[in-house]
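In full-length UniProt numbering, the protein residues as written are 1 to 610. Heads up, the beta-carbon is just placed ideally off N, CA and C, and yes, glycines get one too. Computed from a prediction, not measured in an experiment: that's the story for all the values here. Everything on this sheet refers to the single structure shown next.
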Amino acid sequence: MHRRRSPSPEYKMDNDDLYEPYIPVAQRRQEKLAKLSSLGITAETSKSRKIEEEQEEREDAQREEENRREKARKERTLLFEAQEVHLRKAAEDSKKTADQKAQEADAEILEAIKSRRKLASDMELAQGIRYTDPLKTSWRPPWYIRDRPTDQDQRLRDKYHIVVEGESIPPPIERFEDMKIPGAILEYLRSKRIVNPTPIQLQGIPVAFSGRDIIGIAFTGSGKTLTFCLPLIMMALEEEMKLPLVRGEGPVGVILCPSRELANQTYDNVVTWCTALAKDGKYPQLNALLCIGGISMNEQSHVLNKGLHIVVATPGRLIDMLEKKRFTFNNCKYLCMDEADRMIDLGFEDDVRNIMSFFKNQRQTLLFSATMPKKIQDFARDSLIKPVLVNVGRAGAANLDVLQVVEYVKQEAKMVYLLECLQKTPPPVIIFSENKNEVDDIQEYLLLKGVEAVAIHGSKTQEERRYAITSFKSGAKDVMVASGVASKGLDFNDIQHVIIFSMPKEIEDYVHQIGRTGRSGKTGIATTFVNMNTPEQTLLDLKYLLMEAGQKVPPFLATIEDPRAVHGGSLTGCPVCGGLGHGISNCPKLEDVQRRQMASHRAADDGGGY
Numbered sequence: 001m002h003r004r005r006s007p008s009p010e011y012k013m014d015n016d017d018l019y020e021p022y023i024p025v026a027q028r029r030q031e032k033l034a035k036l037s038s039l040g041i042t043a044e045t046s047k048s049r050k051i052e053e054e055q056e057e058r059e060d061a062q063r064e065e066e067n068r069r070e071k072a073r074k075e076r077t078l079l080f081e082a083q084e085v086h087l088r089k090a091a092e093d094s095k096k097t098a099d100q101k102a103q104e105a106d107a108e109i110l111e112a113i114k115s116r117r118k119l120a121s122d123m124e125l126a127q128g129i130r131y132t133d134p135l136k137t138s139w140r141p142p143w144y145i146r147d148r149p150t151d152q153d154q155r156l157r158d159k160y161h162i163v164v165e166g167e168s169i170p171p172p173i174e175r176f177e178d179m180k181i182p183g184a185i186l187e188y189l190r191s192k193r194i195v196n197p198t199p200i201q202l203q204g205i206p207v208a209f210s211g212r213d214i215i216g217i218a219f220t221g222s223g224k225t226l227t228f229c230l231p232l233i234m235m236a237l238e239e240e241m242k243l244p245l246v247r248g249e250g251p252v253g254v255i256l257c258p259s260r261e262l263a264n265q266t267y268d269n270v271v272t273w274c275t276a277l278a279k280d281g282k283y284p285q286l287n288a289l290l291c292i293g294g295i296s297m298n299e300q301s302h303v304l305n306k307g308l309h310i311v312v313a314t315p316g317r318l319i320d321m322l323e324k325k326r327f328t329f330n331n332c333k334y335l336c337m338d339e340a341d342r343m344i345d346l347g348f349e350d351d352v353r354n355i356m357s358f359f360k361n362q363r364q365t366l367l368f369s370a371t372m373p374k375k376i377q378d379f380a381r382d383s384l385i386k387p388v389l390v391n392v393g394r395a396g397a398a399n400l401d402v403l404q405v406v407e408y409v410k411q412e413a414k415m416v417y418l419l420e421c422l423q424k425t426p427p428p429v430i431i432f433s434e435n436k437n438e439v440d441d442i443q444e445y446l447l448l449k450g451v452e453a454v455a456i457h458g459s460k461t462q463e464e465r466r467y468a469i470t471s472f473k474s475g476a477k478d479v480m481v482a483s484g485v486a487s488k489g490l491d492f493n494d495i496q497h498v499i500i501f502s503m504p505k506e507i508e509d510y511v512h513q514i515g516r517t518g519r520s521g522k523t524g525i526a527t528t529f530v531n532m533n534t535p536e537q538t539l540l541d542l543k544y545l546l547m548e549a550g551q552k553v554p555p556f557l558a559t560i561e562d563p564r565a566v567h568g569g570s571l572t573g574c575p576v577c578g579g580l581g582h583g584i585s586n587c588p589k590l591e592d593v594q595r596r597q598m599a600s601h602r603a604a605d606d607g608g609g610y
């Protein structure tokens, strides 16, 4: 049987797309291994990246935790440090006495209220001008006083209870003649029974004649006015004799006073002494100008039309005249502030600085008062040029020539008891009250009882005030009822009795009020009414003042305890007001100043809204 052969496959070689080249088995194996290997690496890389990210997250979390712990640790450390500081301070404070703590608190308050600017003009402050040497004068003490040993000078000061501080202090001089004062003035002083200088004059006049800046402190009625007026008169006399002043020139010096009445009184004294100087014809007439509110300056145009030597002024009117250029301070070289603590401390500080801006040259500055607390003394020392402090007795102490009687009188019984007190001495008598309405009530009551009385307080017109003072001084009226305005330096003849109807809060005011009697070596009586309305702190100040002066302390005052003494504190006086019964932390004067400042700020704020 014949078998057929199967057909052979057909290959189409022309179709390249379907062609698959032959790849050897070894090569294919290698490619497969490579592919598998690359897949493994990719997986490994992905796995590795994931592990790294997880590691970073763990590290970030760990860092955040460490930062949180570090912050907490630091906070705990600061807290512990603060606690340790507090505990350490508490431990130190526990070792301090109550007195030391009070002194530190007082020092902080005193530093806070320390004056920022000095008694210098704006030009001097702006240009940094600071004078180092006192004003030069031609006056020198007689040779026999210059050659006197310094220990003899000190014995003389000790004899009159004069305390001095400063550099190269001029010697004290016991006789007016040795001060080289013109005979015409000496003759006038003798006619007024002023033969020998008082302690403040004995040391203060030579210091002022020498051109030195001076801080003069002495009790009321001790002759401070002559001490600062006489050197100005002599300076003006020297200038006039060198080259007479013509219209538009002057003044040579200015005396500033806190009240119109005190300025008027000082002006009268200056005119009297200048007139006495020119009376015998040897010396020229010196021209003085009274510059106060309430009077017309046209009345003194005859003075302004001449060369002007001396100006006695209150701050407000003086600033007005300087701003209007009625006269200038271009050649003024003498500045005196009477009742200087009041001028600097109570409402006049800005006015005083304003006045200082009108000075063009160096000047001699004199500050006088009966009460000048430590704060004002420190301020003055910083402001003056090598000043000499002349202190007769403690600053703020009462006049030892005044018998102080303190009586407890109920408020409703004061008026009736007042009539009894008026029987103690013959007139003239001054009655003080802190309240203006009360002043008027007392005057009306006395007039109804047939007592010739006049009243003076800040709300009265200038004419009324002038009439009251003139009629009282002349003896036409027996009693003057006054607010504090009449207590600042006013000098009335032969006042034997002062009645303080309402005790002032500030002990300084009390010292000034009782100082209206016992003047110029005479004795006087001061009767003070107190009751439960009088603050205990004021009574404590009064108690210490009586003890210091060796006066009788009534039983109701003696029983008042000083809280500082109970706690073992220091009994030094207040540096702001000089009161012995309190410290600066509870000073009524400082509280009053702060209250006025706040009121002025509120008024300024209210005014700013319009």
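Query raised in the report: Helix, strand or coil: how does DSSP classify isoleucine 514 here?
Result: helix
Query raised in the report: With DSSP run on the structure shown, which of helix, strand or coil describes histidine 567?
Result: Here the model assigns histidine 567 a pLDDT of 46, short of 50, so the residue's position is not dependable, and the following value carries that caveat. Coil at histidine 567, not helix or strand.
Query raised in the report: Rounded to a whole number of angstroms, what is the C-alpha to C-alpha distance between asparagine 437 and glutamate 464?
Result: 16 Å
Query raised in the report: Mapping DSSP to helix, strand and coil, what is arginine 547?
Result: According to the sequence as given, residue 547 is methionine; it is not arginine. Residue state, collapsed to three classes: helix.
Report task. Could you pull out every residue in the same chain whose Cβ sits closer than 7 Å to the Cβ of leucine 226, ignoring the five residues on either side in sequence? Result -> Gln201
Query raised in the report: Taking only beta-carbon atoms, is serine 296 less than 8 Å away from chain D?
Result: The chain labelled as chain D is not found in the depicted structure, where only one protein chain is given.
**Report entry** In DSSP terms, what serine 474 is bridged to
**Finding:** According to DSSP, serine 474 bridges with nothing at all.
Query raised in the report: Going along the chain, which residues of its own chain have a beta-carbon closer than 6 Å to the beta-carbon of arginine 342, five neighbours each way excluded?
Result: Pro258
Query raised in the report: Whose C-alpha, out of Phe348, Glu444, Cys229, Val409, is nearest the C-alpha of leucine 366?
Result: Cys229
Query raised in the report: Using DSSP with H/G/I as helix, E/B as strand and the rest coil, what is arginine 117?
Result: Confidence at arginine 117 is low in this model, with a pLDDT of 47, below 50, so its placement is unreliable and the value that follows should be read with caution. DSSP places arginine 117 in coil when its eight states are reduced to three.
Requested in this report: Please confirm whether valine 498 and threonine 517 have their CB atoms less than 8 Å apart.
Outcome: yes
Query raised in the report: What do you get for glutamine 364, buried or exposed, if any count of 16 or more other CB atoms within 10 angstroms of its CB means buried?
Result: buried
Report task. With a threshold of 16 other CB atoms inside 10 Å of the CB of glutamine 513, please say whether the residue is buried or exposed. Result -> buried
**Report entry** Every unbroken beta strand (DSSP E) inside the stretch 223-311 [3 residues or more]
**Finding:** 253-256, 288-291
Requested in this report: Measure the CB-CB distance between valine 252 and alanine 236 and report whether it falls below 8 Å.
Outcome: yes
Query raised in the report: So, aspartate 153 versus proline 171, is the Cβ gap smaller than 8 Å?
Result: yes
Query raised in the report: Does the Cβ-Cβ distance between isoleucine 525 and valine 405 come in under 8 Å?
Result: yes
Requested in this report: Using only alpha-carbon positions, find the residue among Arg68, Phe329, Phe368 that is nearest to methionine 337.
Outcome: Phe368
Report task. With distances taken Cα to Cα, identify the nearest neighbour of proline 427 among Asn533, Leu304, Lys477, Ser483. Result -> Lys477
Query - Sequence-distant residues of the same chain with beta carbon closer than 7 Å to asparagine 287, five excluded per side - result: Val303, Lys306, Gly307, Leu308, His309
Query - Through-space distance from glutamine 496 to lysine 325, alpha-carbon basis - result: 45 Å
Requested in this report: Note the first and the last residue of the continuous beta strand (DSSP E) segment covering methionine 321.
Outcome: Note, methionine 321: premise wrong, no beta strand (DSSP E); alpha helix (DSSP H) at 315-323.
Query raised in the report: What are the boundary residues of the beta strand (DSSP E) that glycine 524 is part of?
Result: 524-530
Query - Three-state class that DSSP yields for glycine 204 in the structure shown - result: helix
Query raised in the report: Quick one, which of Ala453, Arg190, Lys360 has its alpha-carbon nearest lysine 333's?
Result: Lys360
Query - For tyrosine 160, the three-state DSSP class (helix, strand or coil) - result: coil
**Report entry** tyrosine 417 beta carbon less than 8 Å from that of valine 429
**Finding:** no
Query raised in the report: Any idea if methionine 503 is buried or exposed, counting beta-carbon neighbours within 10 angstroms, 16 or more meaning buried?
Result: buried
**Report entry** Per DSSP, cross-strand counterpart(s) of cysteine 336
**Finding:** Ile255, Leu366
**Report entry** Same chain, Cβ closer than 8 Å to alanine 455, five either side skipped, listed in chain order
**Finding:** Val439, Asp440, Ile442, Gln443, Ala468, Met480, Val481, Ala482
Report task. Measure the beta-carbon distance from proline 197 to isoleucine 205 and round it to whole angstroms, keeping in mind my assumption that it falls under 8 Å. Result -> 7 Å
Report task. Indicate the three-state DSSP secondary structure (helix, strand or coil) for glutamate 407 in the structure shown. Result -> strand
Requested in this report: Would you check if the distance between the CB atom of phenylalanine 219 and the CB atom of valine 390 is smaller than 8 Å?
Outcome: no
Report task. Identify every residue that forms a DSSP beta bridge with histidine 457. Result -> DSSP lists no partner for histidine 457.
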